[in-house]
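Only one structure is covered here, and it is reproduced in the block below.
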Amino acid sequence: MTNENKILVLDFGSQYTQLIARRIRECNVYSEIFPFNASFEKIKSFNPKGVILSGSPSSVYDNNAPIPDKMIFKLGIPILGICYGMQLMAHLWGGKVARAPRREYGRSELIIDDDSDLLNGIGEKLKTQNSKFKTIVWMSHGDMIDRCPKDFIPIAHTSNSPVAAMANYKKGFYALQFHPEVAHTEKGIDILKNFLFKVCRCSPTWTMKSFIDTVTQEIREKVIDNKVVCGISGGVDSSVTAVLVHKAVKNQLTCIFVDNGFLRAGEAEKVEETLRRHFHMDIKCIDAAKRFLNKLKGVVDPELKRKIIGNEFIKVFESEAKKIREVKFLAQGTLYPDVIESIPFKGPSAIIKSHHNVGGLLKRMKLKLIEPLRELFKDEVRLLGKELGIPDEIINRHPFPGPGLAIRIIGEVTHERCNILRRADSIVLQEIKKAGLYEELWQAFAILLPVKSVGVMGDERTYENVIAVRAVKSLDGMTADWARLPYDVLEIISNRIINEVKGINRVVYDISSKPPSTIEWE
Ligand code: XMP
24 MTNENKILVL DFGSQYTQLI ARRIRECNVY SEIFPFNASF EKIKSFNPKG VILSGSPSSV
84 YDNNAPIPDK MIFKLGIPIL GICYGMQLMA HLWGGKVARA PRREYGRSEL IIDDDSDLLN
144 GIGEKLKTQN SKFKTIVWMS HGDMIDRCPK DFIPIAHTSN SPVAAMANYK KGFYALQFHP
204 EVAHTEKGID ILKNFLFKVC RCSPTWTMKS FIDTVTQEIR EKVIDNKVVC GISGGVDSSV
264 TAVLVHKAVK NQLTCIFVDN GFLRAGEAEK VEETLRRHFH MDIKCIDAAK RFLNKLKGVV
324 DPELKRKIIG NEFIKVFESE AKKIREVKFL AQGTLYPDVI ESIPFKGPSA IIKSHHNVGG
384 LLKRMKLKLI EPLRELFKDE VRLLGKELGI PDEIINRHPF PGPGLAIRII GEVTHERCNI
444 LRRADSIVLQ EIKKAGLYEE LWQAFAILLP VKSVGVMGDE RTYENVIAVR AVKSLDGMTA
504 DWARLPYDVL EIISNRIINE VKGINRVVYD ISSKPPSTIE WE
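In this note's numbering, the protein residues as written are 24 to 545.
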């Protein structure tokens, strides 16, 4: 992305690294994350206006402590160290880092001793000393700065950390022991803004409108007069990708929507209608439900189901894509968190369950990839979708797995069992929306269990299936907590499913978090 107002975040493995980059972007400044050991050439050619060194689970005294190329300190641009980043700066510049007498986690009162630039305008005046200010910050550290390095001065302290912030004004180096990127640091965003605008002298030019202009121009230059194909699933990422590419190359784009028969109620129709009627896009809708069901006959193993569905998708997609003459590009909705090459904490889900992989398809069809969202976080994709005029119903849609309802039918997937689950799932979503809870949940859905239980309806004994309801809160799907849904909402969901969905006589609620469970059951 060509933009001269850029900040580089060097990742030392902190759980908050992505949050730092997102906060900077929220201030309308473009930011990228590189691994701590990125080469100096790569860093230099990125041409940032400032660098932020993230936190880390490591201590600077560990044998394998992550250390960046020290040439970054010779770039002549401001550098801000956060937590481990601060300790690293102190360590490298001759200060002293020591184990804190007490580990400091959570809220802490910061007293600002020097409010020249980074901490300018932060906090409220101390009653006792008129020239000093205080504010609440969020700490999470075991090591602390015992002695400031040469040419640095302390600019803030807490009762536990004599040097909670320090600066070397001559070089433009700053460091914070606390985390300005987390919401619990009351004026965190203002501190970051001071770094961006007062220290690095960035301009707030990163907006969704500017992103659309730049990216559509880049797509046009890359594609020229060739054809592009894009697979759409009904989810926000593929819909936004398709609309963005369409804005750039209009009819050179063909979208392929493979209906595998495992979609939620009304989903295929809604997506088709929106993209075709609203955006006038060329969409091929392929009803492949029978084909997928046939392949899954007798299959109960979750991984095997996923592999079969993934392979079948590629086959259907490829045979349709081949019908488009002279197609050269495949557009895909890859997001930034998937491409960050950091010292990984990727969470278990990427490894535990197999996802679709289009690598083989690209090679066989000699296609080149276009990934216009690869610089964006999920919430930015939603903003982009809004800016492009995509209806909220699609933009705010809960995530949905590629293999769809098939991995929410435990045991064999049959036409009848798909229909039972689709009806139950639709009731769950209707009631969650009616209760005004949809937006605050990451996902809410039903699962059909391979278990029958005894019930009584009227005077009749029944022996029918069980539906599990799952609703979770999560920020990124990597970890999740089961949602404390109100009992009366659960009651309506249960009553409606048992009364309206033939074949179900019992509903249970899943109260497991991730980890140790996963969000999906298969
Ligand atoms: P788990 O079950 O691993 O799910 O906790 C984490 C998130 O990923 C979604 N998910 C998928 N998304 N293709 C996708 O596009 C898949 O195969 C897939 N499997 C799980 C899941 O819905 C949750 O949001």
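In this text, a Cβ means the ideal position worked out from N, Cα and C, and glycines have one as well.
Contacts around residue i, its chain only, beta-carbon distance under 7 Å, and the 5 residues preceding and following it disregarded
i: tyrosine 128; result: Met162 and Ser163
i: leucine 399; result: Leu358, Tyr359 and Leu407
i: alanine 344; result: Val252, Ile279, Val350 and Met388
i: arginine 122; result: Gly165 and Asp166
i: aspartate 213; result: Gly144 and Ile145
i: asparagine 191; result: Asp174 and Phe175
i: tyrosine 486; result: Lys475 and Val477
i: isoleucine 542; result: Gln466, Val495, Gly500 and Ala503
i: isoleucine 527; result: Ile443, Ala447, Glu487, Asn488, Ile490, Ile520 and Ile521
i: alanine 271; result: Thr239, Ile242 and Arg243
i: arginine 440; result: Ile432 and Leu471
i: histidine 438; result: Leu316
i: proline 367; result: Because the pLDDT at proline 367 is just 49, under 50, the model does not fix this residue reliably, and the point stays unresolved.
i: isoleucine 347; result: Lys250, Val252 and Thr277
Expected contact under 8 Å - CB spacing of residue i and residue j to nearest Å
i: asparagine 488; j: lysine 475; result: 6 Å
i: serine 517; j: valine 530; result: 4 Å
i: phenylalanine 35; j: phenylalanine 59; result: 5 Å
i: isoleucine 178; j: lysine 155; result: Contact doesn't hold; Cβ gap of about 11 Å is too wide.
i: methionine 189; j: isoleucine 168; result: 7 Å
i: alanine 88; j: proline 172; result: Wrong, their Cβ atoms sit about 16 Å apart, outside the cutoff.
i: tryptophan 229; j: asparagine 70; result: 15 Å between Cβ atoms; not a contact.
i: lysine 72; j: arginine 224; result: 7 Å
Opposing strand residues paired with residue i [DSSP bridges]
i: tyrosine 192; result: Bridge partners of tyrosine 192: none, in fact.
i: proline 177; result: Met189
i: threonine 34; result: The amino acid occupying residue 34 in the given sequence is aspartate; threonine does not appear at that position. Aspartate 34 is bridged to Pro58.
i: serine 131; result: Val160
i: glutamate 64; result: For glutamate 64, which the question treats as bridged, DSSP gives no partner whatsoever.
i: glutamate 394; result: None; glutamate 394 has no bridge partner.
i: methionine 480; result: Glu483
i: serine 53; result: Reading off the sequence, residue 53 comes out as tyrosine, not serine. Looking at the DSSP assignment, tyrosine 53 forms a beta bridge with Lys29.
i: tyrosine 532; result: Val492
i: aspartate 282; result: Asp310
i: cysteine 441; result: DSSP output for cysteine 441 lists no bridge partner at all.
i: leucine 76; result: Leu33 and Gly104
i: isoleucine 168; result: Val120
CB of residue i within 8 Å of CB of residue j, strictly
i: leucine 219; j: cysteine 50; result: yes
i: leucine 103; j: leucine 33; result: no
i: lysine 250; j: threonine 277; result: yes
i: lysine 386; j: phenylalanine 352; result: no
i: valine 205; j: tyrosine 39; result: yes
i: proline 422; j: glycine 258; result: yes
i: aspartate 448; j: arginine 287; result: yes
i: glutamate 292; j: isoleucine 306; result: no
i: alanine 312; j: glycine 284; result: yes
i: valine 263; j: valine 74; result: no
i: proline 227; j: leucine 215; result: no
i: arginine 125; j: asparagine 86; result: no
i: valine 12; j: leucine 141; result: Not covered by the structure: residue 12. The range shown for the chain is 24 to 545.
i: isoleucine 242; j: glutamate 410; result: no
i: alanine 354; j: isoleucine 309; result: no
i: methionine 94; j: phenylalanine 63; result: yes
i: aspartate 260; j: glycine 356; result: yes
i: arginine 397; j: valine 362; result: yes
i: leucine 111; j: threonine 181; result: no
Proximal residues to residue i (C-beta, below 6 Å), its chain only, five neighbours per side dropped
i: glutamate 545; result: Pro325 and Ile430
i: leucine 267; result: Pro395
i: glycine 370; result: Annotation note: pLDDT 37 at glycine 370 (below 50); position unreliable, coordinate value reported separately. Around glycine 370: Met501.
i: isoleucine 374; result: Bear in mind that a pLDDT of 41 at isoleucine 374, under 50, signals an unreliable position, so the number given afterwards is only what the model happens to contain. Correct list: empty, nothing qualifies.
i: tyrosine 107; result: Phe35, Gly78 and Ser79
i: methionine 480; result: none
i: proline 91; result: Leu33 and Phe59
i: isoleucine 47; result: Ile30 and Ser54
i: aspartate 533; result: Ala491 and Arg493
i: leucine 149; result: Lys155 and Lys157
Other residues of its chain near residue i: CB distance less than 8 Å, five sequence neighbours each side excluded
i: valine 322; result: Lys328, Ile331, Glu435 and Val436
i: glycine 383; result: Ile337
i: lysine 119; result: Ala113, Ile168, Asp169 and Arg170
i: serine 81; result: Phe35, Gly36, Asn87, Ala88, Pro89 and Tyr107
i: asparagine 28; result: Val52, Tyr53, Lys72, Cys225, Ser226, Pro227, Thr228 and Trp229
Residue i beta carbon near the ligand NAP (any heavy atom closer than 7 Å)
i: glutamate 462; result: The ligand NAP is not among the ligands present in this structure, which contains only the ligand XMP.
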